[in-house]
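Numbering (my numbering), first residue to last: 1 to 226.
From the three backbone atoms N, C-alpha and C, an ideal C-beta is built for every residue, glycine too.
The model shown is predicted, which means the values in this text are computed figures rather than measured ones.
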Amino acid sequence: MIVMRINILQHTPNEGPGSVSAWGRAHGYEIYIYHPYQFGFLPKAEETDMLIILGGPMSPNDDAAWIIKERILIQQLIDMEIPMFGACYGAQQIAKTLGSSISQAPAKEVGWAPVYRQSEAIPNLPKQLLALHWHEEMFEIPQGAELLFSSDRVKNQGFVIGHRIIGLQFHFEPQPDNVREMVINDFPYIEGSVLKQTAADILKTPVPEDNEQVMFKLLDYLSADK
1 MIVMRINILQ
11 HTPNEGPGSV
21 SAWGRAHGYE
31 IYIYHPYQFG
41 FLPKAEETDM
51 LIILGGPMSP
61 NDDAAWIIKE
71 RILIQQLIDM
81 EIPMFGACYG
91 AQQIAKTLGS
101 SISQAPAKEV
111 GWAPVYRQSE
121 AIPNLPKQLL
131 ALHWHEEMFE
141 IPQGAELLFS
151 SDRVKNQGFV
161 IGHRIIGLQF
171 HFEPQPDNVR
181 EMVINDFPYI
191 EGSVLKQTAA
201 DILKTPVPED
211 NEQVMFKLLD
221 YLSADK
């Protein structure tokens, strides 16, 4: 049995891998978590069987050296056809690597709001899901990608490229402890959100069980022939 190595890029202490780690453990995969914003280290392309790029408060438009190095790694893995998944900033990094622009979204979305499936590319996804949003920038859909999800206020909420790349502007991966960690440490960011939810509103909303199930489906889709 070949054990996949899942390399995870985490960009802030309060946005961890959540159900991504649960998926990896369920399959018996090895999980390595890197913190490039703090330590500056990234995995090597040749030691990566899947790359997970998590969210964070930075922008792909920032000029920090480690952000640029991340995109070099992403391009290497694209060339090698290694599967990757990006959430929020992570999806933006993938999109920017592929030549798309990252810009201010029509609305700052922070809190729980529905997203709507726009594609049949990935089988058995619900038509509507309740997702956690934590962003005010958005990506342009990369050339050759298919629009996967939209929200009421931001059209470009997700994309898929073949069986190898998925990027989501929102978050399916947080489990209840992760949501609490995000809110108690980053609650000032909630102000100005078009969703008009308080920290208490976000905390009292149960994490939908469907979100972990869908996260597993997305990762299974990416790793189907690994």
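Quick one: what's got a C-beta closer than 7 Å to residue i's C-beta in the same chain, skipping five residues either side?
i: Glu137; result: Ser59, Gln92, Ile102, Ser103, Gln104 and Ala105
i: Gly193; result: Rather than Gly, the amino acid found at residue 193 in this sequence is Ser. Once the five neighbours on either side are set aside, the close Cβ partners of Ser193 are Lys108, Glu109, Val110 and Gly111.
i: Leu228; result: Residue numbering for the chain in the displayed model covers 1 to 226; residue 228 lies beyond these limits and cannot be assessed.
Mind checking who residue i pairs with in its DSSP beta bridge?
i: Ile33; result: Ile8
i: Ile2; result: Answer is none; Ile2 lacks a bridge partner.
i: Pro134; result: Looking at the sequence itself, residue 134 is Trp, so the reference to Pro does not match. Note: Trp134 sits in a beta bridge opposite Val110.
i: Phe139; result: Ile102
i: Trp149; result: Position check: residue 149 holds Phe in this sequence, whereas Trp was assumed. Beta-bridge pairing links Phe149 to Arg117 and Gly158.
i: Ile82; result: In DSSP, Ile82 forms no bridge with anything.
Can you tell me whether residue i is buried or exposed, with buried defined as 16 or more other CB within 10 angstroms of its CB?
i: Gly111; result: buried
i: Pro83; result: buried
i: Gly40; result: exposed
i: Glu47; result: exposed
i: Pro17; result: buried
i: Arg164; result: buried
i: Ala131; result: buried
i: Glu70; result: buried
For residue i, I'd like the list of residues in its chain whose CB is within less than 6 Å of its CB, leaving aside the five on either flank, ordered along the chain.
i: Tyr37; result: His11
i: Val20; result: Ile52 and Glu173
i: Tyr32; result: Asn7
i: Thr205; result: Trp112
Between which residues of its own chain and residue i is the CB-CB distance below 8 Å, once the five residues before and five after are set aside?
i: Leu195; result: Glu109, Val110, Gly111, Trp112, Ala113 and His133
Check whether the Cβ atoms of residue i and residue j sit closer than 8 Å, and answer yes or no.
i: Asn14; j: Asn185; result: yes
i: Phe159; j: Val115; result: no
i: Ser100; j: Glu146; result: no
message: Quick check: the stretch 116-129 against the stretch 79-90, are at least 3 beta-carbon pairs closer than 8 Å?
response: Under the Cβ criterion (8 Å, minimum of three pairs), the stretch 79-90 does not count as touching the stretch 116-129.
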